[in-house]
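Peer 1:
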Amino acid sequence: MASHLYTNPPQNLHFLPSSPSLKPHLYLSFKRINPQPKSSSSSVFVPCASQSSIAITSNERWSLNGLSALVTGGTRRIGRAIVEELAGLGAKVHTCARNENELENCLSDWNRSGFRVAGSVCDVSDRSQREDLMETVSSVFDGKLHILVNNVGTNIRKPMVEFTAGEFSTLMSTNFESVFHLCQLAYPLLRASEAGSVVSISSVSGFVSLKNMSVQSATKGAINQLTRSLACEWAKDNIRINAVAPWYIKTSMVEQVLSNKEYLEEVYSVTPLGRLGEPREELAMLGARVHTCARDETQLQERLGSKQCRNMYSHADHKVYIRRFLVADGYKSGVSFPSLAARTSFVGSFRFREHCAYVLCRWGCPSECRIHLWSNQSEENAKEKVESRPSMGRVGEANEVLSLVAFLCLPAASYITALVSKGGPSNYADVTKGFHLEWSLQGMTALVTGGAGGIGHAIVEELARFGAKVHVCDISETLLNQSLSQWEKKGFQVSGSICDVSSRPKRETLMQTVSSLFEGKLNILVNNAGVIRTKPTTKYVEDDFSFLMSTNVESSYHLSQLSHPLLKASGSGNIVFISSIAGVVSIDCGSIYGLTKGALNQLARNLACEWARDGIRANAVAPNFITTALAQAYLDVAGFREALFSRTPLGRAGEPKEVASLVAFLCLPAASYITGQTICVDGGLTVNGFSYQQQA
C-alpha cells in the first residue's frame, strides 16, 4: 500500500501544491502573509465583551511552537494522545496509520479541535512504505523534522518455545526494525532542523522479565540500547535521543490480559502506586503540529466517533472570539493555541483567564474520555479490590506517559539525552492558568534547601514560575537576602530562612517554620543542599566523612522524615533529591561524595515504595557538571574540562536551568506516574562507553 497524505484543515487554512509532481491534496500549507520580523513569542488578540485586547507571550523553553513532529501509530491509544499533546504545545504534527478510514476520522476530529495535524496511510512493518512515509514528511515539513516519536508496537504473548519464525519476524520488524529504519531515514531531516529529538516508546519489559513476553521484551531492550548508542553517535549533530518505558497502561492492547482479575491483582501488588495508567487526551494541550500514523482504520474511526462534549464551555458561552496570528513564521490562520487573558461580562464583571487550546480542545476532545475497551477492566469487583488496598495501587494513565514524551521534546529538556525512563510573562502560571491543571503548580507549596544560589536558585525560579509558593533555606544570609530581593521584583511568591541543614536542631526549626507558613501542608520538598570535598580516598579523615555524610545524606533523610506528615496532608506530595552522576558512575570528585549521592538514589527508590500509599512520590535527579560556583573550580582546569567534554556526547557542561526544568516537571501533576527513578541530566555522559571519532 502506498503512503498517502491526508489533511483536514480548519477554516482559513489553504492548500497549495508544492510542485507539479504533487497533487494538491497531498500538501498542506498555511496562507502566507507579509513576513514580519522573527519573534521568540506568539501573540493572541482577543476581542471580547469589554472591547479589550490583551496579548500574552509564552516562554520558548516550554513551547513547541513552530516545531514539526512525526508520530507513528498516532490514531489510537498512547499514540493518539501523544499527537494531541504535541499539537497542544504548538507543534505541527504528521502521523501515520495502517487503516485509512480510521486515519481520516481522526484527522476530521483533530480538524474540529483546531489541531494542526496531517496524516499518511502506512504500515511501518513494510520497508518501502516507511520510505514513502519519510518522503511525504520531508515534503510537508520542507526537509526538516524536529521530533520523531517511534510509537508503533505490537505484542504476541506465549511461551518462548511456542513462537514460530513468522511471529518472531513480525515482532522484530514492527517493534524494532521499523524504529531503526525510521531513525535512519529521519536523520538528515533531524540534522537539518538543528535541534532534533527522537523519543521511542519502549516498555518496562525491556528492563525486567514479564511472563510470556520474551520476544517483545527483546525488542524493547534493543530499543533501549539503540537509544544510548544513537544519543552518543548523533550528539554532534545536535540530535537528542530518549526512550520512554511505560508499565501497563489502560489501552485496548492490554485489556485482554488485564481482564484476568488474578493477573490484575498481581500487577497491582508489584506496582508501588498500585494502579494502571489511564489514557486521556492531553498531548494536544501542548501546541505542537503533529503527524501520526496507525494501522487499524476501523479502530481509529471508532475512537474518533467516541468523542463527546462533556461539561465544557464553548467560546460562544463567554462571547470571546479567538484568532491567532503566527507573525513569527509569516503565516496566518484562524487556529487558536497560545495562552490568552481576556475580560468579559458574565454575571457581572470578573477576571476570565483561559487557554484557548483548553477551551477549544477540551471542548472538542474531552480529556476524560477513556478508551472503550477499558470497560472490562473497570468492573465493580476489580474496583473494590483496588480501592480496598492500603496503597495507591493503580495502573498508569496514558497522559502520564505522554507528558514525559512531550517534556523530552521541549527545549527545557535540552541537556537530557540517552534517557531510558521507566514508567513575555515572568511567570509560567500566567501561561498555564486555565490551561490543563496537569501542567501547573498553581496553589502548591514547596521547600527548596540550598536555594539561594546555583542549581537551587534555578529550581526556585522554575517552581515559582509555574505558580508554586516556595520557601527557601540557605546557609548564607547575604546570598539569601539578595535572592529574595530579586524574586520579589519578579513577582514570585518566595520566602526564606537561614538554615545550616547539617545541624539537626536547625532542620527541625526549619520544618516548624514551613509547617506554620503553609498551614501544615507541603506539596514539594527539593533536597538540594550539598557539599563536596575532593581528595584521594586514603587522604580522607574522620571529619571529612562526617561532614559530607551529615550535609549530603543525613540532612535529606531527616528532612524527608520531618516533612512526611506535611506531604501526606497535602494529598499529593513530591520529593526530589538532587543527586549527581557521581552516584551513578565513577567521577574524579571524591569517593565519599559519590557514595553520598548513591545513597540518595537508593533512598529515592525506597521512599517511592514505602510512601506511595500516602500519595507521595520520590525521585532523584543526577546532574553532570553544571556551570555553578561549586563546579567552576573543576571546569576552570583546561585538561579536566577537555577530558569531561570529550566523554559527554553533547560536548558541554549543563546549565542550572536545564536541571531545574526536570525538577519542575517531576513535581507537576503531569508526572504523576513517575516515582522511584534516578534521572541523569548529563548530556549523555553516563551512557557513553567508548567511541572514536576518526578525523577527516
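In terms of this note's numbering, the sequence shown opens at residue 464 and continues consecutively. Just so you know, even glycine gets a beta-carbon here, dropped at the ideal spot from N, CA and C. Model, not experiment: these values are computed from the prediction.
Please tell me whether V612 and V868 are closer than 8 Å, where the distance is taken between their beta carbons.
Peer 2: yes
Peer 1: Are H609 and S660 close, meaning C-beta to C-beta below 8 Å?
Peer 2: By the CB criterion at 8 Å, H609 and S660 fall inside the cutoff.
Peer 1: Ignoring anything shorter than 3 residues or poking outside the region 1086-1159, list the beta strand (DSSP E) runs there in chain order.
Peer 2: 1141-1144
Peer 1: Where does K953 land, buried or exposed, given buried means 16+ other C-beta within 10 angstroms?
Peer 2: exposed
Peer 1: Please report the distance separating the alpha-carbon of S1023 from that of T535.
Peer 2: 42 Å
Peer 1: Using DSSP bridges, identify the partner residues of H934.
Peer 2: L910, S958
Peer 1: Counting pairs of beta carbons, one from the region 628-646 and one from the region 682-694, are three or more of them closer than 8 Å?
Peer 2: yes
Peer 1: How is the alpha helix (DSSP H) around V977 delimited, first residue to last?
Peer 2: 967-980
Peer 1: Give the DSSP-derived three-state secondary structure of F1040 in the structure shown.
Peer 2: strand
Peer 1: With three or more beta-carbon pairs closer than 8 Å as the criterion, would you say the region 917-928 touches the region 1122-1129?
Peer 2: Yes, since at least three Cβ pairs between the region 917-928 and the region 1122-1129 fall closer than 8 Å, the two stretches touch.
Peer 1: Would you give the residue range spanned by the beta strand (DSSP E) that S535 belongs to?
Peer 2: Per the sequence shown, residue 535 should be read as Thr rather than Ser. Segment 531-535, the beta strand (DSSP E) holding T535.
Peer 1: Would you tell me roughly how many angstroms separate the C-alpha atoms of A518 and I1044, rounded to the nearest one?
Peer 2: Its pLDDT being 29, under 50, A518 is placed unreliably by the model, and the measurement read from it follows with that caveat. Cα-Cα distance, rounded: 42 Å.
Peer 1: Report the option in K699, K932, V707, I545 whose CA atom is closest to the CA atom of T690.
Peer 2: For T690, the closest alpha carbon among the candidates K699, K932, V707, I545 is that of V707.
Peer 1: If distances are taken between C-alpha atoms only, which option among A628, E567, T1141 comes closest to K1060?
Peer 2: T1141
Peer 1: So G1078 packs on G1046, CB below 8 Å; how close in whole Å?
Peer 2: Rounded, the Cβ-Cβ distance is 27 Å, inconsistent with contact.
Peer 1: State buried or exposed for R543, treating a residue as buried only when at least 16 other CB atoms are found within 10 Å of its CB.
Peer 2: The residue is buried, with at least 16 neighbouring Cβ atoms inside 10 Å.
Peer 1: For G551, report the span of its beta strand (DSSP E) as first-last.
Peer 2: Unbroken run through G551 is the alpha helix (DSSP H), 540-551; no beta strand (DSSP E).
Peer 1: Determine the burial state of D1236: buried for a count of at least 16 other Cβ atoms within 10 Å of its Cβ, exposed for fewer.
Peer 2: Residue coverage of the chain in this structure runs from 464 to 1159, which leaves residue 1236 outside it and unanswerable.
Peer 1: Quick one: Cα of A1092 to Cα of P1112, how far?
Peer 2: 23 Å
Peer 1: Could you give the residue range of the beta strand (DSSP E) that holds G582?
Peer 2: 580-584
Peer 1: If you draw a straight line from the C-alpha of V964 to the C-alpha of L985, how long is it?
Peer 2: A straight line joining the alpha-carbon of V964 with that of L985 spans about 18 Å.
Peer 1: List in chain order: all unbroken alpha helix (DSSP H) runs of 4+ residues lying wholly within the region 607-659.
Peer 2: 628-634, 641-656
Peer 1: S1135: buried (16+ other C-beta within 10 angstroms of its C-beta) or exposed?
Peer 2: Here S1135 is buried: its Cβ has 16 or more other Cβ atoms, across all protein chains shown, within 10 Å.
Peer 1: For C1052, does the three-state DSSP call read helix, strand or coil?
Peer 2: coil
Peer 1: Going by C-alpha to C-alpha distance, which of S665, T941, G582, G906 sits closest to F929?
Peer 2: G906
Peer 1: Return the CA-CA distance between D1006 and K607, expressed in angstroms with no decimal places.
Peer 2: 56 Å
Peer 1: Would N614 and I545 qualify as a contact pair, given that the criterion is a beta-carbon distance under 8 Å?
Peer 2: yes
Peer 1: DSSP on A875, reduced to helix/strand/coil?
Peer 2: helix
Peer 1: Take P968 as the anchor and find which of S1013, L1107, A1067, G959 has the nearest alpha-carbon.
Peer 2: Nearest of S1013, L1107, A1067, G959 to P968, Cα basis: S1013.
Peer 1: Taking the continuous alpha helix (DSSP H) assigned at K952, which residues delimit it?
Peer 2: 940-953
Peer 1: In the DSSP assignment, what residue or residues form a beta bridge with R593?
Peer 2: Paired residues: none, contrary to the question.
Peer 1: How big is the Cα-Cα spacing for T627 and N1064?
Peer 2: 42 Å
Peer 1: Under the three-state reduction of DSSP, which class applies to A1081: helix, strand or coil?
Peer 2: strand
Peer 1: What span of residues does the alpha helix (DSSP H) with K926 cover, start to end?
Peer 2: What sits at residue 926 in the sequence shown is Leu, not Lys. Run containing L926: 917-928, per the alpha helix (DSSP H) assignment.
Peer 1: Return the CA-CA distance between S903 and G551, expressed in angstroms with no decimal places.
Peer 2: 15 Å
Peer 1: Are the CB atoms of P1086 and I879 nearer to each other than 8 Å?
Peer 2: no
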